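Protein chains in written order, with this note's numbering: chain G, 136 to 277; chain Z, 240 to 421.
Built from N, CA and C at the ideal position, the CB exists for glycine as well.
Note that this is a predicted model, so its numbers are computed, not measured.
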């Protein structure tokens, strides 16, 4: 795969953060997430969006999408289905951050992007906890 | 980007930093092998930190039961996996991974853990230190491949930190920017 520019990496992360923000906002409106958990995660996503927008300083070419993806509509039917959907989105976003944090050309952005990545990893824990799952996927002792 | 890394003031955090430094986090880099600036020395420091953490989580496990014990065992197993990955990366750079210490040597430098609460607090402090170490390494490691590996481990550390905070009855993420602590 061709190496992406810093602008492309940041735009991709912003799009992902906006998707998460929209998902938590919709879940809170539809009571598809515990309000305390949902509000906390939504507020974090809002901060991530703000930070990325500041970094991009108006150069982002993909503003927040206005159409709710069909898979989100399906997920909003219950807290269980939304929780699973949100875990998937958070996992994908953390994966995008692991790549972007390593690849970004400006070294000064690596720590802040990494700190958002770690927050996303903790969100997965919060969502798993809200579903009554173990925080971590069992891992064989070795 | 706005967030800056701030020093954690909790006494426990300072304690964990001291413990990990004495366990090998501050060991000198290997003296032969890879070229200066290859990243091998930094990876060696991370490996020493992971080894100390494996020993520390073993000590924590002795105070835990039930779900907390299961989670800490899972974390410990992942720490071992991280250590193996770092070992391979150092060797791939032509370096010799720093030797670990004995279980007794590590244990002597840990604080006395008398309860599950002590163990989980110590575990959280250790994780804060590890998160910070990897975030700092991301700035310094010279190649994309090394940064990618460090970034993946860092994400695991963020996940572990969240899991331990939940076991302590705290929100998984303490804020929108999880920076770890020294």
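*Chain-ordered chain G contacts of residue 349 of chain Z [CB-CB under 9 Å]*: The residue labelled residue 349 of chain Z in the question sits at position 110 within the second chain. Those do not exist, as residue 349 of chain Z stays about 20 Å from chain G at its closest Cβ, beyond 9 Å.
*From residue 146 of chain G to residue 246 of chain G, what does the alpha carbon distance come to, in whole angstroms?*
On the first chain, residue 146 of chain G is found 11 positions in, with the first residue counted as 1. On the first chain, residue 246 of chain G is found 111 positions in, with the first residue counted as 1. Each residue's Cα considered, the two are about 18 Å apart.
_Sequence-distant residues of its chain with Cβ nearer than 7 Å to residue 233 of chain G (five each side left out)_ = Indexing the first chain from 1 puts residue 233 of chain G at position 98. Same-chain partners within the cutoff: 252.
*asked:* Short of 7 Å in beta carbon distance, which residues of its chain neighbour residue 354 of chain Z, apart from the five on each side in sequence? Order them along the chain.
replied: In the second chain, residue 354 of chain Z corresponds to position 115, counting from 1. Excluding positions up to five away in sequence, the list reads 302.
*Take residue 372 of chain Z and list the residues in its own chain whose beta-carbon comes closer than 7 Å to its own, dropping the five residues that flank it on each side.*
For this step, residue 372 of chain Z is matched to residue 133 along the second chain. Answer for residue 372 of chain Z: 285 and 288, listed in chain order.
*Below-8 Å beta-carbon distance, residue 170 of chain G vs any chain Z residue*: As a first step, residue 170 of chain G must be located in the first chain, where it is residue number 35. With 8 Å as the cut-off, residue 170 of chain G does not count as an interface residue toward chain Z.
*asked:* Runs of 4 residues minimum, wholly inside the segment 375 to 421 of chain Z: which ones carry the alpha helix (DSSP H) assignment?
replied: 383 to 406
*Looking at the structure shown, is residue 233 of chain G part of a helix, part of a strand, or coil, going by DSSP?*
Looking up residue 233 of chain G in the first chain gives position 98. Helix.
*Would you report the Cα separation of residue 375 of chain Z and residue 394 of chain Z, rounded to the nearest angstrom?*
In the second chain, the residue the question calls residue 375 of chain Z occupies position 136. In the second chain, the residue the question calls residue 394 of chain Z occupies position 155. Distance between the alpha carbons of residue 375 of chain Z and residue 394 of chain Z is about 13 Å.
*Could you tell me whether any Cβ in chain Z is nearer than 8 Å to the Cβ of residue 140 of chain G?*
For this step, residue 140 of chain G is matched to residue 5 along the first chain. For residue 140 of chain G, the answer is no, since every Cβ of chain Z falls outside 8 Å of its Cβ.
_Cut-off 7 Å between Cβ atoms - residues of its own chain near residue 415 of chain Z, not counting five sequence neighbours on either side_ = By one-based count along the second chain, residue 415 of chain Z stands at place 176. Excluding residues within five positions, none has a Cβ falling inside 7 Å.
*What does residue 412 of chain Z touch in chain G if you count any residue whose Cβ is under 9 Å from its own?*
Here residue 412 of chain Z refers to the residue found at position 173 of the second chain. Those within 9 Å of residue 412 of chain Z in chain G are 175, 176, 179, 253, 254, 255, 256, 257, 258, 260 and 261.
*Counting contacts by CB-CB distance shorter than 8 Å, is residue 204 of chain G in contact with chain Z?*
Your numbering for residue 204 of chain G matches position 69 in the first chain. No, because no Cβ of chain Z sits closer than 8 Å to the Cβ of residue 204 of chain G.
*With 16 other CB atoms within 10 Å as the buried threshold, where does residue 212 of chain G fall?*
Here residue 212 of chain G corresponds to residue number 77 of the first chain, with the count starting at 1. Flag for residue 212 of chain G reads exposed.
*Report yes if the CB atom of residue 238 of chain G is closer than 8 Å to the CB atom of residue 383 of chain Z, and no otherwise.*
The residue labelled residue 238 of chain G in the question sits at position 103 within the first chain. The residue labelled residue 383 of chain Z in the question sits at position 144 within the second chain. Cβ distance < 8 Å, so residue 238 of chain G and residue 383 of chain Z count as in contact.
*Can you tell which of Z:366, Z:277 and Z:381 has the C-alpha that lies nearest to the C-alpha of residue 317 of chain Z?*
As a first step, residue 317 of chain Z must be located in the second chain, where it is residue number 78. With distances taken between Cα atoms, residue 317 of chain Z lies closest to Z:366.
_Interface positions of the segment 298 to 314 of chain Z facing chain G (Cβ-Cβ less than 8 Å), listed along the chain_ = 306, 309, 310, 312, 313 and 314
_Using a Cβ-Cβ cutoff of less than 8 Å, which residues in the same chain neighbour residue 196 of chain G once the five nearest sequence positions on both sides are dropped?_
Residue mapping note: residue 196 of chain G aligns to position 61 of the first chain, counting from 1. Contacts found: 146.
*Report yes if the CB atom of residue 300 of chain Z is closer than 8 Å to the CB atom of residue 312 of chain Z, and no otherwise.*
In the second chain, counting from the first residue as 1, residue 300 of chain Z sits at position 61. In the second chain, counting from the first residue as 1, residue 312 of chain Z sits at position 73. Result yes, Cβ atoms of residue 300 of chain Z and residue 312 of chain Z sit closer than 8 Å.
*residue 332 of chain Z and residue 279 of chain Z: beta carbons closer than 8 Å?*
Sequence index remark: in the second chain, residue 332 of chain Z carries index 93 (1-based). Sequence index remark: in the second chain, residue 279 of chain Z carries index 40 (1-based). Result yes, Cβ atoms of residue 332 of chain Z and residue 279 of chain Z sit closer than 8 Å.
*Kindly list the residues whose CB is nearer than 6 Å to the CB of residue 325 of chain Z, restricted to its own chain and excluding five residues on each side of it in sequence; keep chain order.*
For the purposes of this step, residue 325 of chain Z is taken as residue 86 along the second chain, with counting starting at 1. The residues are 282, 285 and 286.
*Output the boundary residues of the alpha helix (DSSP H) element that contains residue 143 of chain G.*
Indexing the first chain from 1 puts residue 143 of chain G at position 8. Here the alpha helix (DSSP H) through residue 143 of chain G covers 141 to 164.
*Return helix, strand or coil for residue 359 of chain Z, following the three-state DSSP convention.*
In the second chain, the residue the question calls residue 359 of chain Z occupies position 120. DSSP places residue 359 of chain Z in helix when its eight states are reduced to three.
_Can you confirm whether residue 249 of chain G, when its beta carbon is compared against all beta carbons of chain Z, has any partner nearer than 8 Å?_
Indexing the first chain from 1 puts residue 249 of chain G at position 114. It does: the Cβ of residue 249 of chain G has a partner Cβ on chain Z nearer than 8 Å.
*Who are the near neighbours of residue 248 of chain G in its chain, counting only those whose CB is closer than 7 Å to its CB and skipping five residues on each side?*
Here the question's residue 248 of chain G lines up with position 113 in the first chain. For residue 248 of chain G, where only same-chain residues beyond five positions count, the Cβ hits under 7 Å are 232, 235, 236 and 239.
*For chain G, is any of its Cβ atoms less than 8 Å away from the one on residue 396 of chain Z?*
Taking the first residue of the second chain as 1, we reach residue 396 of chain Z at position 157. At least one chain G Cβ lies under 8 Å of residue 396 of chain Z.
*Within the 8 Å Cβ cut-off, does residue 390 of chain Z reach chain G?*
Residue numbering aside, residue 390 of chain Z sits at position 151 when the second chain is read from its first letter. Interface residue, yes.
*Own chain residues within Cβ distance below 6 Å of residue 272 of chain Z, not counting five before or after*: For this step, residue 272 of chain Z is matched to residue 33 along the second chain. Excluding sequence neighbours, residue 272 of chain Z sits near 333, 334 and 335.
*Would DSSP call residue 168 of chain G helix, strand or coil?*
As a first step, residue 168 of chain G must be located in the first chain, where it is residue number 33. In this structure, residue 168 of chain G counts as coil in the three-state DSSP scheme.
*So, is residue 208 of chain G buried or exposed, given that buried needs 16 or more other C-beta atoms within 10 angstroms?*
Against the first chain, residue 208 of chain G aligns to sequence position 73. Flag for residue 208 of chain G reads exposed.
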